[in-house]
Structures are given as C-alpha cells and as structure tokens.
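Asks: Quick note, the sequences are listed as chains E and U, same order.
Each residue of the first sequence is one higher than the one before, counting from 85 in the working numbering.
Each residue of the second sequence is one higher than the one before, counting from 51 in the working numbering.
In this text, a Cβ means the ideal position worked out from N, Cα and C, and glycines have one as well.
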Amino acid sequence: QQQVKQSPQSLIVQKGGISIINCAYENTAFDYFPWYQQFPGKGPALLIAIRPDVSEKKEGRFTISFNKSAKQFSLHIMDSQPGDSATYFCAAKGGTGGFKTIFGAGTRLFVKA
Amino acid sequence: DGGITQSPKYLFRKEGQNVTLSCEQNLNHDAMYWYRQDPGQGLRLIYYSQIVNDFQKGDIAEGYSVSREKKESFPLTVTSAQKNPTAFYLCASSTPDTDTQYFGPGTRLTVL
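See below:
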C-alpha cells in the first residue's frame, strides 16, 4: 500500500513533442506528490509538486495532472527539448508513511533532436 | 553557497571491508536521509534522521549503519554484512515545514 507505481520505464520523444509519465498510488492518506528530475551522475532535484486539493498544476512547460478518485497523477512536458533528457521520479509523502517519501521506479526520457 | 556535499564521488571497496560515505549540509536542515539507487528500482530509503542524536531504519537498513552527532553531518557506513553494496548512494535533507528533499550529488560505490 506504500508503493508508487510509475510507467513507462523509458520514453523516447521527438523534439517539440509532449512527454507523458504516469504514476499510481494506493495509500489515500498521501498528501504530497512531487516529481524529481535527475541528470546522469547527479542527485535528483525537485521539478514540480502538487497537493491533492487541486487537479492540475503548471510551471512553464511542466504540468502535473492529478486524479484523486483514480489515485493517479501524471507529468506532462510540453514542447520537449533535448535538455529535458533525464530520469524522472514521481513520489508521494504523508499518511501512514509519515516522514518518508516513497519514490516510483523512475522513467528515463530521451528527447530526439 | 548552501547545499549538500557528498564525498567521495567514486569509491572502490574490496569485499569484507567497511567503508564510510560522507554527507554534509549547510542548509540548516533538521532532517537528513540516505538512499540507495539501483537501475530500475528508484530510490530506496536506508536510514533517516529527524534530529541530532536520533535516527531510524528505513526500508533496507541491513548491512548499513549511521550516526548523527552534528546537525550538519550524517555519515553512512557500509559494512561487510551488506551483501550487494555496489550502488549509487544519495544523501538528502529537508526541513519540517517543507516536504521537499534536497539531494547531494551522490557517491558511486563499487565493490571489487
């Protein structure tokens, strides 16, 4: 119940296209859903995050869509660029996990020029 | 510049040896964490500490040990009891009033 399931495992998108990464969770007590971006050989960094009281959050080309009833959330990268090529992790925090952040397995995104 | 530093960047260890990974932060964060990253498995929590002189086991603590004697420092020791220690190790920190975790650059440990 503490898991966060992420798909796809890898994704190839043409430059200018839309990248979509999906995540699902079971624990309805989670109350914070961040996305982290990680470049090779570096630590992850927070990209964008959402709380369950809103259904969408947009920051520049990055949008989180949140479906509370389906217990799913997704990251959309509009106008994908080669510089967006990285590994993306969804995560969830709160509920019975309390202090812990539970991470998805990650999606390796490659944007072709 | 505020941030988290981890050293060394690369570490090689012979089987049967203990090795200690360093993590230092100057963000004045109370909480610190250690994660292990393996390909295709995301980030798995090893240990975390919410305050100085206190720490708790995460999901994969076996074969690891930590200490938290100073707010700024949270070293991780990988002991010879850890069966498969080759991985990328990440340290992170956070404050109580934010759910964001700030990560260091990581240490890649290879057992020879």
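Thinking Leu193 (chain E) and Val97 (chain E) are a contact (beta carbons under 8 Å), I'd like their distance in whole angstroms, please.
Replies: Counted from its first residue, the first sequence places residue 193 (chain E) at position 109. Counted from its first residue, the first sequence places residue 97 (chain E) at position 13. With a Cβ gap of about 7 Å, Leu193 (chain E) and Val97 (chain E) count as contacting.
Asks: Closer than 9 Å, Cβ to any Cβ of chain U: which residues of the region 170 to 189 of chain E, in chain order?
Replies: Phe173, Ala175, Lys177, Gly178, Phe183, Lys184, Thr185, Ile186, Phe187, Gly188 and Ala189
Asks: Of the residues U:Thr145, U:Thr136 and U:Lys121, which one's Cα is nearest the Cα of Glu65 (chain U)?
Replies: Here residue 65 (chain U) corresponds to residue number 15 of the second sequence, with the count starting at 1. Nearest C-alpha to Glu65 (chain U): U:Thr136.
Asks: Between Tyr98 (chain U) and chain E, is there a C-beta pair that is closer than 8 Å?
Replies: On the second sequence, position 48 is the one that residue 98 (chain U) refers to. Yes, contact with chain E.
Asks: CB-CB under 6 Å to Leu71 (chain U), same chain, minus the five flanking residues each way: which ones, in chain order?
Replies: In the second sequence, the residue the question calls residue 71 (chain U) occupies position 21. So the qualifying residues of the chain are Leu126, Tyr139 and Thr157.
Asks: Buried or exposed for Lys184 (chain E), please, with buried defined as at least 16 other CB atoms from any protein chain shown within 10 angstroms of its CB.
Replies: Translated into positions along the first sequence, residue 184 (chain E) becomes position 100. Buried, because 16 or more other Cβ atoms sit within 10 Å of the Cβ of Lys184 (chain E).
Asks: Looking only at C-alpha atoms, which of E:Gly178, E:Gln86 and E:Glu110 sits nearest to Ala154 (chain E)?
Replies: Along the first sequence, one-based indexing puts residue 154 (chain E) at 70. It is E:Glu110.
Asks: Does any CB atom of chain U fall closer than 8 Å to the CB of Leu95 (chain E)?
Replies: One-based indexing of the first sequence puts residue 95 (chain E) at position 11. It does not; no Cβ of chain U falls within 8 Å.
Asks: Hey, quick one: how far does the beta strand (DSSP E) through Gly178 (chain E) stretch, first residue to last?
Replies: In the first sequence, residue 178 (chain E) corresponds to position 94, counting from 1. From DSSP, the beta strand (DSSP E) with Gly178 (chain E) extends over Ala170 to Gly178.
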